[in-house]
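Structure, as structure tokens:
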């Protein structure tokens, strides 16, 4: 138990996540999306020509692709008007590209992240931390001892300048190409900020690195890009937290995450997202895993109006493995459509997916998953387990797994259950002196425990606090 | 419209069909309505995942095969005491009112392009009418297809507290001479009265150049039970949809499926149940075996509606793969809008258990025989659900026959 936990418990979490600041942008792109917007972003960031060209090509692809409308049971995106979203906001600070000392941040931004507990987290256990405010990273720090070993943790804009060759090779080329889907194309066109993590061969970063993203302006879009390259036999744990206060206009978050897991390398990517309930959260996250590499995704999806997010893993090399742990909580007016995708493209590959969802007060959760086992991926195994807990009769919970099996020497299992919160359990707890709300909270905490126990303590505490607040109906 | 038929499918063709059967005006009108709807309708939805469509229905070359005026079949109908099992023409003479009321009442002929085509062109059909309180076993309809295309419609109506088991089997005279194949289309609707009990078994063993489309749809009223057994062995492409709407309190449905594909056969098998009332129960069980380059596509849907309090709904799908070149795709879906629900689904895909195989061969059984025994054993949980003994024997025999080949 760290002082983090104390901090998190003492702070009113609602206040922590749902405060807003007057937004003072130094530069805000015009609403909507044209070639001029791209040039403006690219000029502003002084980008090399190849990146500008990639953006323009992605824009063309975005414009050519239709909105996804025909998925069975997909969230309603009809109110999402890209032309009303401001794609790029640079906060008004002189410290473009991020400061490396927390005290150098303008008070206003410092205050924001203080409330979110970022400095506390860094003090306690992290190898490095980055914080993004609107479209730009405003704070970035990596502990020296990791820098000495050649580990890079910097913001993505900086990486384009400082690590151009690596970025040019990996950025939206074969992991998440803009052609993947409409929002990947949108992201490719107007991405800004995000994290770049590079871990050289044989280096183990024992403590997690963390990035925190916050949207503060009304009607803006945030499109941060995360690129993680873990070379052979390296290991890193990356944590991302996201939040945005509630505004009347819609926000759009369309991030892109690309993870390259080298031979025998191990990458863990954990995220707890708590976007405000007017945010469309439409992301593309993918990992490519080489021989004997291991990828782990741990995600908590709490906030947003609508989420469409299916982190995917391509097991390319023999013996590669993947674990997915996801939890979704949908309250009133929320539609959380999330799941996992795994492509077994080599022999002896393994994956497990564990998904838990809770729906309450008319919220909707959906597990949408795809497991693909290619011809030749012999001795592969996958196990998918989905459990849904429903609180009331206004809520909806769906499970839509897809399994494509092209190989006979495999072991494939999918299981899903849906149930209401047990009246008997509640009664039992009540007879022990708990009131109805506390009893329900305790049952939910028990339900999501397999997931929280995989998270670093400060995230587990945060997730539990968020769930408690959702249960009280006092958030957002 | 997503497909075009060979020339000659006009209102006149449909009138000719109807007149030849001396049908009443209302039935002709319904055929014509279905014909007209073709222009608006699409082929049935098939599952799509990134980069692919699981079944390519445009491969159903029915437009070349459909020959409305040259349909021919040989159908044997075995009735049981107290039950009326009538071909459609006789049924029109004896139970016109009932037909008029129930035909198309549970199954919407305009569900998609293929159902509408079937409703416009069907020439063979059966009415099974089970009056109140009658308890009947072993009703049988055995059809042999004798033309390049055949459209069939089966209507089952049970009155209060009636009970019936039905076996419907379809086969043909063997592969067509010109290798062009055949197209068999079958719509089955079951209207189950209060507290009645229907088990409808279907066995498809058409030759392997044939195509088959079938939609079976049941509606269960209070305390009624509609059970389906769907066995698929023949054809190159089969698309089969088996569905129950649990509309009455305490109604139940079981959908049992079995398929065994080899060579380049393709089965697109779907089981769906809608829980629309309180205290309803559903159990979906499908088992399939694939050999050579055969492929199976499975979708199971358990849809629990807002008003379906106290629902129990279970689904299992297991596929056994005997060959590396076969493919099994599965999507068991849960759609839950009422929280007072116990629902689960599971799906597995795997090969014959190597330990079992080793154990058996170590006891002196040849590897091939051991494998065959394990495959036969794999179907046992499905066979156990079949109430009609003759049907169970037929399925067992077809499994053994396939294993011998």
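Chains as they are written, first to last, in our numbering: chain A, 1 to 476; chain B, 477 to 881.
Backbone N, C-alpha and C fix where the C-beta goes; we use that ideal spot for every residue, glycine too.
Fair warning: this is a prediction, and the values are worked out from it, not measured in the lab.
_CB contact check: residue 810 of chain B to chain A, cutoff 9 angstroms_ = One-based indexing of the second chain puts residue 810 of chain B at position 334. Yes, because at least one Cβ of chain A sits closer than 9 angstroms to the Cβ of residue 810 of chain B.
*List the residues of chain A whose Cβ lies closer than 7 angstroms to the Cβ of residue 876 of chain B, in chain order.*
By 1-based counting over the second chain, the position of residue 876 of chain B is 400. Within 7 angstroms Cβ-Cβ: nothing; residue 876 of chain B doesn't reach chain A, min ~21 angstroms.
*So, helix, strand or coil for residue 177 of chain A, using DSSP?*
For this step, residue 177 of chain A is matched to residue 177 along the first chain. Three-state DSSP puts residue 177 of chain A in coil, outside helix and strand.
*Whole angstroms is fine: what's the gap from residue 513 of chain B's alpha carbon to residue 500 of chain B's?*
For the purposes of this step, residue 513 of chain B is identified with residue 37 of the second chain, where counting begins at 1. For the purposes of this step, residue 500 of chain B is identified with residue 24 of the second chain, where counting begins at 1. About 21 angstroms.
*Okay, do the stretch 262 to 270 of chain A and the stretch 231 to 239 of chain A touch, 3+ Cβ pairs below 8 angstroms being the bar?*
yes
_Excluding the 5 residues flanking residue 811 of chain B on each side, which residues of the same chain have their C-beta closer than 8 angstroms to its C-beta?_
Within the second chain, numbered from 1, the residue matching residue 811 of chain B stands at position 335. Excluding positions up to five away in sequence, the list reads 777, 778, 779, 780.
*Do you know offhand how far residue 193 of chain A's Cα is from residue 155 of chain A's?*
The residue labelled residue 193 of chain A in the question sits at position 193 within the first chain. The residue labelled residue 155 of chain A in the question sits at position 155 within the first chain. Computed Cα separation, rounded: 6 angstroms.
_Give me the chain B residues within the contact set of residue 405 of chain A, using Cβ-Cβ distance strictly less than 8 angstroms, ordered along the chain._
Along the first chain, read from residue 1 onward, the residue named residue 405 of chain A stands at position 405. Going along chain B in sequence order, the residues near residue 405 of chain A (Cβ under 8 angstroms) are 795, 797, 803, 804, 805, 806, 825.
*If you measure from the beta carbon of residue 391 of chain A to each beta carbon in chain B, is any gap under 9 angstroms?*
Mapped onto the first chain, residue 391 of chain A falls at position 391. With 9 angstroms as the cut-off, residue 391 of chain A counts as an interface residue toward chain B.
*Rounded straight-line distance, which links the Cα of residue 717 of chain B to that of residue 864 of chain B*: Residue 864 of chain B sits at position 388 when you count from the first residue of the second chain. Residue 717 of chain B sits at position 241 when you count from the first residue of the second chain. Their Cα atoms are separated by approximately 22 angstroms.
_Is it buried or exposed, residue 94 of chain A, if we count other Cβ atoms within 10 angstroms and call 16 or more buried?_
Numbered from its first residue, the first chain carries residue 94 of chain A at position 94. Since pLDDT at residue 94 of chain A reaches only 45, below the 50 mark, its modelled position is unreliable, and no value is offered.
*With 9 angstroms as the threshold, decide whether the Cβ of residue 198 of chain A is near any Cβ in chain B.*
On the first chain, residue 198 of chain A is found 198 positions in, with the first residue counted as 1. No, no contact with chain B.
*In whole angstroms, what separates the C-alpha of residue 727 of chain B from that of residue 675 of chain B?*
As a position in the second chain, residue 727 of chain B is number 251, starting the count at 1. As a position in the second chain, residue 675 of chain B is number 199, starting the count at 1. Roughly 14 angstroms between the two C-alpha positions.
_Quick check on the DSSP output: what are the complete beta strand (DSSP E) runs of length 3 or more inside the stretch 287 to 373 of chain A, in order along the chain?_
294 to 301, 306 to 309, 312 to 315, 321 to 330, 335 to 344, 350 to 359, 364 to 373
*In the DSSP assignment, find the beta strand (DSSP E) that holds residue 797 of chain B and state where it starts and stops.*
As a first step, residue 797 of chain B is located in the second chain; it is residue number 321 there, counting from the start. Its beta strand (DSSP E) spans residues 787 to 797.
_Stretch pair the stretch 825 to 837 of chain B + the stretch 787 to 806 of chain B: three plus CB contacts closer than 8 angstroms_ = yes
*How many whole angstroms separate the CB atoms of residue 309 of chain A and residue 342 of chain A, which I take to be in contact at a CB cut-off of 8 angstroms?*
Within the first chain, residue 309 of chain A is the residue found at index 309, counting from 1. Within the first chain, residue 342 of chain A is the residue found at index 342, counting from 1. Not quite, the Cβ-Cβ distance comes to about 15 angstroms (not below 8 angstroms), so this is no contact.
*Through-space distance from residue 422 of chain A to residue 432 of chain A, alpha-carbon basis*: Taking the first residue of the first chain as position 1, residue 432 of chain A is located at position 432. Taking the first residue of the first chain as position 1, residue 422 of chain A is located at position 422. Those two C-alpha atoms are separated by around 16 angstroms.
*Answer with buried or exposed for residue 167 of chain A, where buried requires no fewer than 16 other C-beta atoms within 10 angstroms of its C-beta.*
By 1-based counting over the first chain, the position of residue 167 of chain A is 167. Buried, since its Cβ has 16 or more Cβ neighbours within 10 Å.
_chain B within 9 angstroms of residue 7 of chain A, Cβ atoms only_ = For the purposes of this step, residue 7 of chain A is identified with residue 7 of the first chain, where counting begins at 1. The predicted model places residue 7 of chain A with a pLDDT of 37, which falls under 50 and marks its position as unreliable; any figure quoted below should be read in that light. Answer no: the Cβ-Cβ gap between residue 7 of chain A and chain B never drops below 9 angstroms.
_Cβ neighbour criterion (16 or more within 10 Å) applied to residue 487 of chain B_ = Reading the second chain from its first residue, position 11 is the one you call residue 487 of chain B. Classification of residue 487 of chain B: exposed, given that the 10 Å Cβ count is below 16.
*Could you check what DSSP says for residue 556 of chain B in three-state terms: helix, strand or coil?*
Mapped onto the second chain, residue 556 of chain B falls at position 80. Residue state, collapsed to three classes: coil.
*Determine the closest residue to residue 540 of chain B out of B/857, B/613, B/656, with distance taken between C-alpha atoms.*
Residue mapping note: residue 540 of chain B aligns to position 64 of the second chain, counting from 1. If we check each option's Cα against that of residue 540 of chain B, B/656 comes out closest.
_Let me see if you follow: with CB-CB separation under 9 angstroms, is residue 285 of chain A close to chain B or not?_
Along the first chain, read from residue 1 onward, the residue named residue 285 of chain A stands at position 285. Not one chain B Cβ lies under 9 angstroms of residue 285 of chain A.
_Straight-line gap, residue 638 of chain B to residue 666 of chain B (C-alpha atoms, nearest Å)_ = Looking up residue 638 of chain B in the second chain gives position 162. Looking up residue 666 of chain B in the second chain gives position 190. Rounded to whole angstroms, residue 638 of chain B to residue 666 of chain B spans 13 angstroms at the Cα level.
*asked:* Across the stretch 297 to 308 of chain A and the stretch 272 to 280 of chain A, are there enough close Cβ pairs to call them in contact, namely three or more that are closer than 8 angstroms?
replied: yes
*residue 817 of chain B touches chain A at which residues, Cβ-Cβ below 8 angstroms?*
The residue labelled residue 817 of chain B in the question sits at position 341 within the second chain. Simply 390, 418, 419, 420.
*Pull up the CB-CB distance for residue 734 of chain B and residue 858 of chain B, whole angstroms please, since I reckon it's below 8 angstroms.*
Along the second chain, one-based indexing puts residue 734 of chain B at 258. Along the second chain, one-based indexing puts residue 858 of chain B at 382. About 5 angstroms; that satisfies the 8 angstroms criterion.
*asked:* Distance cutoff 9 angstroms, beta carbons only. Does residue 843 of chain B sit that close to anything in chain A?
replied: Counted from its first residue, the second chain places residue 843 of chain B at position 367. No, residue 843 of chain B lies away from the interface with chain A (no Cβ there is under 9 angstroms from its Cβ).
*asked:* If you reduce the DSSP assignment to three classes, tell me which class residue 750 of chain B lands in.
replied: Taking the second chain and counting its residues from 1, one reaches residue 750 of chain B at position 274. It is a strand residue.
*Nearest-angstrom Cα distance between residue 448 of chain A and residue 440 of chain A?*
What you label residue 448 of chain A is simply residue 448 of the first chain in a count that begins at 1. What you label residue 440 of chain A is simply residue 440 of the first chain in a count that begins at 1. Going by the C-alpha atoms only, they are around 12 angstroms apart.
*Examine chain C for any beta-carbon lying closer than 9 angstroms to the beta-carbon of residue 782 of chain B, and answer yes or no.*
As a matter of chain content, chain C is missing from the structure shown, whose protein chains are A and B.
*According to a CB-to-CB cut-off of less than 8 angstroms, which residues of the stretch 441 to 467 of chain A neighbour chain B?*
none
_residue 55 of chain A burial status per 10 Å Cβ neighbour count (16 or more: buried)_ = Stepping through the first chain from its first residue, residue 55 of chain A is reached at position 55. Residue 55 of chain A should be labelled buried.
_DSSP-derived helix/strand/coil call for residue 94 of chain A_ = As a working mapping, residue 94 of chain A is identified with position 94 in the first chain. In this prediction, residue 94 of chain A has a pLDDT of 45, which is less than 50 and means its spatial position is unreliable; what the coordinates show is noted afterwards. Looking at residue 94 of chain A - three-state DSSP - the assignment turns out to be coil, as it is neither helix nor strand.
*For residue 732 of chain B, which of B/860, B/837, B/771 has the nearest alpha-carbon?*
The residue given as residue 732 of chain B occupies position 256 in the second chain. The candidate whose alpha carbon is nearest that of residue 732 of chain B is B/860.
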